[in-house]
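A.B. asks: Keeping their order, the protein sequence lines are chains A and B. Read in the numbering used here, the first sequence has 164 at position 161, and its numbers run on one by one without any break. Read in the numbering used here, the second sequence has 592 at position 320, and its numbers run on one by one without any break. The beta-carbon is built from N, C-alpha and C at its ideal position, and this holds for glycine as well. The structure that follows is given in the form of structure tokens.
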Amino acid sequence: MQSTEFFFGVRDMVLEEWVNAIFNTYPFQTTGFLRTSKDPFANPVADMTREAASTVYEAVSGWDKKPSEVRQAIDRFIHLRAVQDFLPSQAMLVFYLLKPILRKHVMPAMQKAGKLKDYLDAESRLDTIVLLGFDMYTKSREVVAQNRINEIKNQHAQLVRWAQRVGGAPQLDEGQS
Amino acid sequence: MAKLPTPQELVANRPAFPAEAWLETKPKFVPGSYCYPAKKETMEALHMPHPHEWDPAADDWQLPENWEKILCDAFEDRLKKHRSLKLFMDICVRCGACADKCQFFLGTNDPKNMPVLRAELLRSLYRRDYSMLGKILGKKIGARSWDYQTVKELFFYAYQCTECRRCSLFCPYGIDTAEITAIVRELLHEVGLGLHWIMDPVKNCSYTGNHLGIKPHSYVEIVEMLADDCEDIVGVRPKTPFNERGHEILFICPSGDVFADPGIYTFMGYLILFNELDLDYTLSTYASEGGNFGSFVSFNMAKKLNAKMYEEAQRLGCKWILGGECGHMWRVINQYMDTYNGPTPSNMTTPVSPYTGTVFKNAASTKMVHIAEFEADLIRHNKLKLDPSRNDDLICTWHDSCNPARGMGLLDEPRYVLKHVVNHFYEMPENTIREQTFCCGAGSGLNTEEIMELRMRSGMPRGNALRYVQQKYGVNRMACCCAIDRATLPPLADYWAPGVTISGLTELVANALVCKGEHKRTVNLRQEDLPHLDEEEPEGNEGE
Ligand code: SF4
Ligand code: SF4
Numbered sequence: 004m005q006s007t008e009f010f011f012g013v014r015d016m017v018l019e020e021w022v023n024a025i026f027n028t029y030p031f032q033t034t035g036f037l038r039t040s041k042d043p044f045a046n047p048v049a050d051m052t053r054e055a056a057s058t059v060y061e062a063v064s065g066w067d068k069k070p071s072e073v074r075q076a077i078d079r080f081i082h083l084r085a086v087q088d089f090l091p092s093q094a095m096l097v098f099y100l101l102k103p104i105l106r107k108h109v110m111p112a113m114q115k116a117g118k119l120k121d122y123l124d125a126e127s128r129l130d131t132i133v134l135l136g137f138d139m140y141t142k143s144r145e146v147v148a149q150n151r152i153n154e155i156k157n158q159h160a161q162l163v164r165w166a167q168r169v170g171g172a173p174q175l176d177e178g179q180s
Numbered sequence: 273m274a275k276l277p278t279p280q281e282l283v284a285n286r287p288a289f290p291a292e293a294w295l296e297t298k299p300k301f302v303p304g305s306y307c308y309p310a311k312k313e314t315m316e317a318l319h320m321p322h323p324h325e326w327d328p329a330a331d332d333w334q335l336p337e338n339w340e341k342i343l344c345d346a347f348e349d350r351l352k353k354h355r356s357l358k359l360f361m362d363i364c365v366r367c368g369a370c371a372d373k374c375q376f377f378l379g380t381n382d383p384k385n386m387p388v389l390r391a392e393l394l395r396s397l398y399r400r401d402y403s404m405l406g407k408i409l410g411k412k413i414g415a416r417s418w419d420y421q422t423v424k425e426l427f428f429y430a431y432q433c434t435e436c437r438r439c440s441l442f443c444p445y446g447i448d449t450a451e452i453t454a455i456v457r458e459l460l461h462e463v464g465l466g467l468h469w470i471m472d473p474v475k476n477c478s479y480t481g482n483h484l485g486i487k488p489h490s491y492v493e494i495v496e497m498l499a500d501d502c503e504d505i506v507g508v509r510p511k512t513p514f515n516e517r518g519h520e521i522l523f524i525c526p527s528g529d530v531f532a533d534p535g536i537y538t539f540m541g542y543l544i545l546f547n548e549l550d551l552d553y554t555l556s557t558y559a560s561e562g563g564n565f566g567s568f569v570s571f572n573m574a575k576k577l578n579a580k581m582y583e584e585a586q587r588l589g590c591k592w593i594l595g596g597e598c599g600h601m602w603r604v605i606n607q608y609m610d611t612y613n614g615p616t617p618s619n620m621t622t623p624v625s626p627y628t629g630t631v632f633k634n635a636a637s638t639k640m641v642h643i644a645e646f647e648a649d650l651i652r653h654n655k656l657k658l659d660p661s662r663n664d665d666l667i668c669t670w671h672d673s674c675n676p677a678r679g680m681g682l683l684d685e686p687r688y689v690l691k692h693v694v695n696h697f698y699e700m701p702e703n704t705i706r707e708q709t710f711c712c713g714a715g716s717g718l719n720t721e722e723i724m725e726l727r728m729r730s731g732m733p734r735g736n737a738l739r740y741v742q743q744k745y746g747v748n749r750m751a752c753c754c755a756i757d758r759a760t761l762p763p764l765a766d767y768w769a770p771g772v773t774i775s776g777l778t779e780l781v782a783n784a785l786v787c788k789g790e791h792k793r794t795v796n797l798r799q800e801d802l803p804h805l806d807e808e809e810p811e812g813n814e815g816e
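And the structure:
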């Protein structure tokens, strides 16, 4: 039996447990709603979480996934966690919540079949994904900071231009007006 | 050996939120979750009650000593004044239909951002004082008394509601949580609690007529500068009539269109369109603001700021008012203006389009026509020569801004216009547009940069739908007819769907509009190259 098969036999169960563990990082009253509705627009948080979880699971299992595919799949999810009320560690640790679930449902069988090294490789792939995600998390935070600056500039854009015209303010560089 | 926490332990400190004790869980005022308070001088200048310095993150908000009495009395007063409020307090059956409809709930996952609980914050106080059971049973039936924490909580959640009214669409009783939020904000003002981002524009409007407090001469000069830009682009300099008496129409738009990017392109669009039509109109430096941040403060403040529209129409002898692409301005006009400032001055008459003869009966009482209605009517009667291929670089979608869409039912006119001025148009998913549209997440005076992070989560449902059409159809432009949206959607798009830009409707109209005497158009209003420049000239488009 190939290593990936150990993962795919329990895919739905592991994913469900993991996704629920992620939902549990939100206040109790919210968890029920996140579980019930599947509409991607009426319940975007659940949709983003499921999208990220299933691709990450496949990548961890050892399916052929390019980093760009993984990035694409976790993009919305990371953007969301990055602006919700979490510490950076809390925002990112949801990926690691997969590990104990894998150790419960996948590791014993693989160990028995003498494939412990393959299992550990899978966990390492998860570590790599978390690092990819961390880059994206940081980038998201930078976009928020940059947007604050852009917004202040945009609000008064014409006023600044006018002030420069009438000579009351220092000129910006050529072509920057 | 010191023990490091596991990931499970790191996340274990999620707020415990047991159902029976939701009233006990208090908000945390961390930077990024609250807006800066209004300055004392601003509040003094506006004669607001109890002006004072305070800090939302501090324990003590420096409320007046008898704050509890002030709030109880004010609440009682509002209950008497607004029967709707009393009704909303009484009839909610907590069915939960509204619970997951609010973008603040969807983005923050904070249960108190469910509209039903947002309203419940006030209702719990109502229950104690106005229901017999509440007086006897108190907390057991969700009644509680005013305390300092309650005030903080009301503030926290009244400014995490954009008064967008999406929730009321789904409520079987039509309970309008936006109205409850508006009243909570009014109450908080009684003890001197307001936002800088709202009160500063209100002060500026009171003193100079517009949000930024730009004086008349500078206002005119900035508009002249934009007219110069129009001339560079079109080859014809549009007229900029200011404060002229005896014109048929007074034009009023949000001042954001004059000062802010990318709103200015919409303003240039107005100038170009009116010039092409040779519209008999004037602008005003007194009524230089359609937006009304007073409507985020109190009914009285909204009324005061709105009064200048009719005053100016009377002074200048205009028959009717054409209104630009603003959001909450139209909520005020459509819902409140008659009561606030009506009846209209006697020189005003029911608006009739000078080009098509269409009588805008819908505006018979307010005498104000929305520019999208006006444009749609012109296009319907073939009065504009349009070349939509000039917008061929754009794949557009339409964002229904809450106030014009849900507030006044302006759903089809802007789409009709848009489809005539662009060749590529795609709708966002059905449950995110028209009446069900998702708010930009920063309306009602929450479009301030210090809560950018909060805005990114409250705007997530809109951003998410935008991203969907971006990936599916390659959408790269979201148009809307609201100045606050033109300010708040660019960062939202940058965050959730980078590569999508934002514009008003009339910018796209003016791009496509073939004007009399124009030179060969090579750039759009943003001074970007037009598409198809290197291709054969389509016949007969030039300079007729
Ligand atoms: S939908 Fe209406 S009745 Fe139902 S909980 Fe919400 S506000 Fe109350
Ligand atoms: S009015 Fe809008 S922001 Fe306020 S509670 Fe309802 S849905 Fe939420």
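Within 10 angstroms of its Cβ, does R366 (chain B) collect 16 or more other Cβ (buried), or is it exposed?
C.D. replies: Numbered from its first residue, the second sequence carries residue 366 (chain B) at position 94. The residue is exposed, with fewer than 16 neighbouring Cβ atoms inside 10 Å.
A.B. asks: Between B:M471, B:I447, B:V747, which lies nearest to E458 (chain B) when the distance is taken from Cα to Cα?
C.D. replies: As a working note, residue 458 (chain B) is residue 186 in the second sequence. Nearest of B:M471, B:I447, B:V747 to E458 (chain B), Cα basis: B:M471.
A.B. asks: With a threshold of 8 Å on Cβ separation, who are the neighbours of F137 (chain A) within its own chain once the five nearest residues in sequence on each side are excluded?
C.D. replies: Indexing the first sequence from 1 puts residue 137 (chain A) at position 134. Closer than 8 Å at the Cβ level, and outside the excluded window around F137 (chain A), lie M95.
A.B. asks: For a cutoff of 8 Å on Cβ pairs, would you count Q167 (chain A) as touching chain B?
C.D. replies: Locating residue 167 (chain A) in the first sequence gives position 164, where the first residue counts as 1. Not one chain B Cβ lies under 8 Å of Q167 (chain A).
A.B. asks: Using a Cβ-Cβ cut-off of less than 9 Å, give me the residues of the stretch 478-496 of chain B that come near chain A, in sequence order.
C.D. replies: Cβ contacts with chain A come from L484, I486, S490, E493, I494.
A.B. asks: Can you find at least 3 beta carbon pairs, one from the stretch 383-402 of chain B and one from the stretch 658-677 of chain B, that sit closer than 8 Å?
C.D. replies: In short, these stretches do not touch, since the Cβ pair count stays below three.
A.B. asks: Can you confirm whether F565 (chain B), when its beta carbon is compared against all beta carbons of chain A, has any partner nearer than 8 Å?
C.D. replies: For the purposes of this step, residue 565 (chain B) is taken as the residue at position 293 of the second sequence. No, F565 (chain B) lies away from the interface with chain A (no Cβ there is under 8 Å from its Cβ).
A.B. asks: Look at the Cβ atom of T538 (chain B), then the Cβ atom of T709 (chain B), and state whether they are nearer than 8 Å.
C.D. replies: Position 266 of the second sequence holds residue 538 (chain B). Position 437 of the second sequence holds residue 709 (chain B). Cβ distance not < 8 Å, so T538 (chain B) and T709 (chain B) don't count as in contact.
A.B. asks: Could you name the residues of the stretch 20-43 of chain A whose beta carbon sits closer than 8 Å to any beta carbon of chain B, in the order they occur along the chain?
C.D. replies: So the close ones are N27, T28, Y29, P30, F31, Q32, T33, F36, L37, S40, D42, P43.
A.B. asks: Hey, would you say the C-beta of G35 (chain A) is under 7 Å away from at least one heavy atom of ligand 1?
C.D. replies: By one-based count along the first sequence, residue 35 (chain A) stands at place 32. For ligand 1, not one heavy atom lies less than 7 Å from the Cβ of G35 (chain A).
A.B. asks: Residues in its own chain within less than 6 Å of D757 (chain B) by CB, not counting five upstream and five downstream?
C.D. replies: Here residue 757 (chain B) refers to the residue found at position 485 of the second sequence. These residues qualify, in order along the chain: S673, C712.
A.B. asks: Pick out the complete alpha helix (DSSP H) segments inside the stretch 421-485 of chain B, 4 residues or longer, and give them in chain order.
C.D. replies: Complete alpha helix (DSSP H) runs here, min 4: 438-442, 449-462, 468-480.
A.B. asks: Excluding the five sequence neighbours on either side, which residues of its own chain have a C-beta within less than 6 Å of the C-beta of A559 (chain B), listed in chain order?
C.D. replies: The residue given as residue 559 (chain B) occupies position 287 in the second sequence. Excluding residues within five positions, the ones whose Cβ falls inside 6 Å are I524, K580, M581, E584.
A.B. asks: Taking Cβ positions, are D664 (chain B) and P770 (chain B) nearer each other than 8 Å?
C.D. replies: Locating residue 664 (chain B) in the second sequence gives position 392, counting from the first residue. Locating residue 770 (chain B) in the second sequence gives position 498, counting from the first residue. No, these two residues do not count as a Cβ contact at 8 Å.
A.B. asks: Hey, would you say C436 (chain B) sits closer than 8 Å to L577 (chain B), going by beta carbons?
C.D. replies: Residue mapping note: residue 436 (chain B) aligns to position 164 of the second sequence, counting from 1. Residue mapping note: residue 577 (chain B) aligns to position 305 of the second sequence, counting from 1. In this structure, L577 (chain B) does not lie closer than 8 Å to C436 (chain B) by Cβ.
A.B. asks: Is S440 (chain B) buried or exposed, if buried means 16 or more other CB atoms sit within 10 Å of its CB?
C.D. replies: As a working note, residue 440 (chain B) is residue 168 in the second sequence. When all chains shown are included, S440 (chain B) counts as buried.
A.B. asks: Since F360 (chain B) contacts I447 (chain B) with CB under 8 Å, what's their CB separation in whole angstroms?
C.D. replies: Against the second sequence, residue 360 (chain B) aligns to sequence position 88. Against the second sequence, residue 447 (chain B) aligns to sequence position 175. F360 (chain B) to I447 (chain B), Cβ: 5 Å. Contact.
A.B. asks: Which of helix, strand or coil does DSSP assign to S775 (chain B)?
C.D. replies: Within the second sequence, numbered from 1, the residue matching residue 775 (chain B) stands at position 503. Of the three classes helix, strand and coil, the one that applies to S775 (chain B) here is strand, per DSSP.
A.B. asks: Are F720 (chain B) and E699 (chain B) close, meaning C-beta to C-beta below 8 Å?
C.D. replies: Within the second sequence, residue 720 (chain B) is the residue found at index 448, counting from 1. Within the second sequence, residue 699 (chain B) is the residue found at index 427, counting from 1. The sequence as given places Thr at residue 720 (chain B); Phe does not occur at that position. Result no, Cβ atoms of T720 (chain B) and E699 (chain B) do not sit closer than 8 Å.
A.B. asks: Note down, in chain order, each residue of its chain lying with its Cβ closer than 7 Å to the Cβ of P473 (chain B), except the 5 sequence neighbours on either side.
C.D. replies: Walking along the second sequence from the start, residue 473 (chain B) turns up at place 201. Closer than 7 Å at Cβ, skipping near neighbours: H483, F565.
A.B. asks: Assuming P30 (chain A) contacts D382 (chain B) under a Cβ cut-off of 8 Å, what Cβ separation, rounded to an integer in Å, is found between them?
C.D. replies: Position 27 of the first sequence, counted from the start, is the residue given in the question as residue 30 (chain A). Position 110 of the second sequence, counted from the start, is the residue given in the question as residue 382 (chain B). Rounded, the Cβ-Cβ distance is 7 Å, consistent with contact.
A.B. asks: Alpha carbon to alpha carbon, what distance is there between H489 (chain B) and R168 (chain A)?
C.D. replies: In the first sequence, the residue the question calls residue 168 (chain A) occupies position 165. In the second sequence, the residue the question calls residue 489 (chain B) occupies position 217. Distance between the alpha carbons of R168 (chain A) and H489 (chain B): 14 Å.
A.B. asks: Bridge partners for H642 (chain B) per DSSP, in chain order?
C.D. replies: Taking the second sequence and counting its residues from 1, the one referred to as residue 642 (chain B) is at position 370. Answer by DSSP bridge pairing, in chain order: B:G595.
A.B. asks: How is the alpha helix (DSSP H) around C525 (chain B) delimited, first residue to last?
C.D. replies: For the purposes of this step, residue 525 (chain B) is identified with residue 253 of the second sequence, where counting begins at 1. Careful: C525 (chain B) lies outside any alpha helix (DSSP H) and carries neither H nor E.
A.B. asks: For a contact defined as C-beta to C-beta under 7 Å, what are the partners of V86 (chain A) on chain B?
C.D. replies: Here residue 86 (chain A) refers to the residue found at position 83 of the first sequence. Going along chain B in sequence order, the residues near V86 (chain A) (Cβ under 7 Å) are E725, M728, R729.
A.B. asks: For the alpha helix (DSSP H) holding C752 (chain B), just list the boundary residues, first then last.
C.D. replies: Walking along the second sequence from the start, residue 752 (chain B) turns up at place 480. First-last for C752 (chain B): 749-752, but that is the beta strand (DSSP E), not the alpha helix (DSSP H).
A.B. asks: Quick one: grab the DSSP three-state call for C374 (chain B).
C.D. replies: Here residue 374 (chain B) corresponds to residue number 102 of the second sequence, with the count starting at 1. Note: C374 (chain B) maps to coil in three-state DSSP.
A.B. asks: Could you tell me if L656 (chain B) is buried or exposed, where buried requires 16 or more neighbouring beta carbons within 10 angstroms of its beta carbon?
C.D. replies: Locating residue 656 (chain B) in the second sequence gives position 384, where the first residue counts as 1. Buried: at least 16 other Cβ atoms inside 10 Å.
A.B. asks: List the DSSP bridge partners of V569 (chain B).
C.D. replies: Sequence index remark: in the second sequence, residue 569 (chain B) carries index 297 (1-based). Looking at the DSSP assignment, V569 (chain B) forms no beta bridge with any residue, so it has no partner.
A.B. asks: Run through chain B and tell me which residues come within less than 7 Å of V146 (chain A), C-beta to C-beta.
C.D. replies: As a working note, residue 146 (chain A) is residue 143 in the first sequence. Going along chain B in sequence order, the residues near V146 (chain A) (Cβ under 7 Å) are D766, Y767.
A.B. asks: Note the first and the last residue of the continuous alpha helix (DSSP H) segment covering T314 (chain B).
C.D. replies: Translated into the one-based positions of the second sequence, residue 314 (chain B) becomes position 42. That run of the alpha helix (DSSP H) goes 312-317.
A.B. asks: Could you name the residues of the same chain whose beta carbon sits closer than 7 Å to that of D501 (chain B), not counting the 5 residues immediately before and after it, in chain order?
C.D. replies: As a first step, residue 501 (chain B) must be located in the second sequence, where it is residue number 229. If we look at D501 (chain B) and ignore the five residues flanking it on each side, its Cβ neighbours are M540.
A.B. asks: Going by DSSP, what residues sit across from P309 (chain B) in a beta bridge?
C.D. replies: In the second sequence, residue 309 (chain B) corresponds to position 37, counting from 1. According to DSSP, which records beta bridges pairwise, P309 (chain B) is partnered with B:L467.
A.B. asks: Output the distance between the C-alpha atoms of Y306 (chain B) and V423 (chain B), rounded to the nearest integer angstrom.
C.D. replies: If you number the second sequence from 1, residue 306 (chain B) lands on position 34. If you number the second sequence from 1, residue 423 (chain B) lands on position 151. Going by the C-alpha atoms only, they are around 14 Å apart.
A.B. asks: Taking only beta-carbon positions, decide if P287 (chain B) is within less than 8 Å of chain A.
C.D. replies: Within the second sequence, numbered from 1, the residue matching residue 287 (chain B) stands at position 15. Reliability fails at P287 (chain B), whose pLDDT of 49 lies under 50, so the model's placement of it is uncertain and the value that follows must be treated cautiously. Closer than 8 Å: yes.
A.B. asks: Could you run through the stretch 101-115 of chain A and flag, in chain order, every residue whose CB is less than 7 Å away from some CB of chain C?
C.D. replies: Looking at the structure shown, chain C is missing, and the protein chains on hand are A and B.
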